[in-house]
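Q:
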Amino acid sequence: MILDNSLLVLWLGLIGLAVGSFINAAEFRLAKNLPLGTVGGRAARSKCTSCDIQLRVVDLIPVVSFVLLRGRCYSCSERISWQYPVVELITALLFGLSGLAAVSLPEAIFFAACSGVMVFLFIYDLKHMLVLDVVTLPAIVIAFIANWFLGVDLIDMVLGSVIGGGFFAAQYLISRGRWVGGGDIRLGLLAGVILGWQHLLVALMLAYVGGSVIALGMLSTKKVTMKSQVPFAVFFVPAVLVSLFFGDKLLSWYLSFLL
Ligand SMILES: [Zn+2]
1 MILDNSLLVL WLGLIGLAVG SFINAAEFRL AKNLPLGTVG GRAARSKCTS CDIQLRVVDL
61 IPVVSFVLLR GRCYSCSERI SWQYPVVELI TALLFGLSGL AAVSLPEAIF FAACSGVMVF
121 LFIYDLKHML VLDVVTLPAI VIAFIANWFL GVDLIDMVLG SVIGGGFFAA QYLISRGRWV
181 GGGDIRLGLL AGVILGWQHL LVALMLAYVG GSVIALGMLS TKKVTMKSQV PFAVFFVPAV
241 LVSLFFGDKL LSWYLSFLL
């Protein structure tokens, strides 16, 4: 890392906390078709999902509020979902990791932005079994331009998106939409643009190895059956992030067995 500046990593982590808080709000509002930012020209304030009371400023501090409130609404005492602090913490960790793994500040920002998008896609697919096009489609365009600006080989990205999108499109066609959804095709395309084709292959392998292990474990405990629907992004997104941060190391480790 050239950013051997722990202050910068700390800053990125704090920004990550705030972004994680936004991801939680965005997940809730997009799922309910509520406006993201404003209502009638006024900022949309967050409310308790149970009693609808408007949250105070002290209730909106990522993680800290959850701890101070002991996980309950100050008004109705209804439990606040663990999703809120967990998403905030994971986003913060990924943002900090972006600062450690990147070789330049623009790359750190790119890694952090990709992490934020991936966390959102993960939590949304986990809860609603849907990969949102309103997120993946603009992200594909922005990631392409950003990676181009960062000097990534265009052929790398195009090949990555063709392999990523094509891989899921083939599964979609063969299974007539039963194994993966249409949104997964766009997710594959996005992953290809972000990672380039070599790291995309690493991510696909991780997703399938990890997914199979977890699926077998869940089948053996009979928590799921062979017919259970699986939100595929839940396996693929962590694999994409591991590949984004550690793809080079994993590739050289893997290739050392072959050569
Ligand atoms: Zn409440």
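Just so we're aligned, residue 1 is where the sequence shown starts under UniProt numbering, counting upward by one.
Even for Gly, the Cβ is constructed at its ideal location relative to N, Cα and C.
Where do the N-terminal and C-terminal ends of the alpha helix (DSSP H) with residue 105 fall, by residue?
A: By one-based count along the sequence shown, residue 105 stands at place 105. Unbroken alpha helix (DSSP H) run through residue 105: 105 to 128.
Q: Among 142, 238, 186 and 255, which residue has its Cα nearest to the Cα of residue 198?
A: Here residue 198 refers to the residue found at position 198 when the sequence shown is read from its first residue. The option with the nearest alpha carbon to residue 198 is 255.
Q: Distance check for residue 186 and residue 1, CA to CA, integer angstroms please.
A: Numbered from 1 along the sequence shown, position 1 holds the residue referred to as residue 1. Numbered from 1 along the sequence shown, position 186 holds the residue referred to as residue 186. Reliability fails at residue 1, whose pLDDT of 49 lies under 50, so the model's placement of it is uncertain and the value that follows must be treated cautiously. Cα-Cα distance, rounded: 31 Å.
Q: So within the UniProt domain "Prepilin peptidase A24 N-terminal" (14 to 98), which uninterrupted alpha helix (DSSP H) runs reach at least 4 residues, ignoring any that extend past its ends?
A: With a minimum length of 4 residues, the continuous alpha helix (DSSP H) runs that stay inside the UniProt domain "Prepilin peptidase A24 N-terminal" (14 to 98) are 64 to 68.
Q: What residues in its chain sit with their C-beta under 7 Å from that of residue 275, if we drop five residues either side in the sequence?
A: Residue 275 falls outside the range modelled here, since the chain spans only 1 to 259, and no answer is possible.
Q: Shorter than 7 Å, the distance from the beta carbon of residue 50 to the closest heavy atom of ligand 1, or not?
A: Within the sequence shown, residue 50 is the residue found at index 50, counting from 1. Result yes, Cβ under 7 Å from ligand 1.
Q: For the alpha helix (DSSP H) holding residue 243, just list the boundary residues, first then last.
A: Walking along the sequence shown from the start, residue 243 turns up at place 243. Start and end: 233 to 258.
Q: Given this structure, state the Cα-to-Cα distance separating residue 52 from residue 45, to the nearest angstrom.
A: Residue 52 sits at position 52 when you count from the first residue of the sequence shown. Residue 45 sits at position 45 when you count from the first residue of the sequence shown. In a straight line, the C-alpha of residue 52 is about 11 Å away from that of residue 45.
Q: Are the beta-carbon atoms belonging to residue 94 and residue 16 less than 8 Å from one another?
A: The residue you call residue 94 lines up with position 94 of the sequence shown. The residue you call residue 16 lines up with position 16 of the sequence shown. Yes, Cβ-Cβ distance for residue 94 and residue 16 is below 8 Å.
Q: Roughly how far, in whole angstroms, is the beta-carbon of residue 23 from the beta-carbon of residue 123, given that I think they are within contact range, below 8 Å?
A: Start at 1 with the first residue of the sequence shown, and residue 23 comes out as number 23. Start at 1 with the first residue of the sequence shown, and residue 123 comes out as number 123. Residue 23 to residue 123, Cβ: 7 Å. Contact.
Q: Is residue 75 near ligand 1, in the sense that its beta carbon is under 7 Å from a heavy atom of that ligand?
A: Mapped onto the sequence shown, residue 75 falls at position 75. Correct: residue 75 has its Cβ closer than 7 Å to ligand 1.
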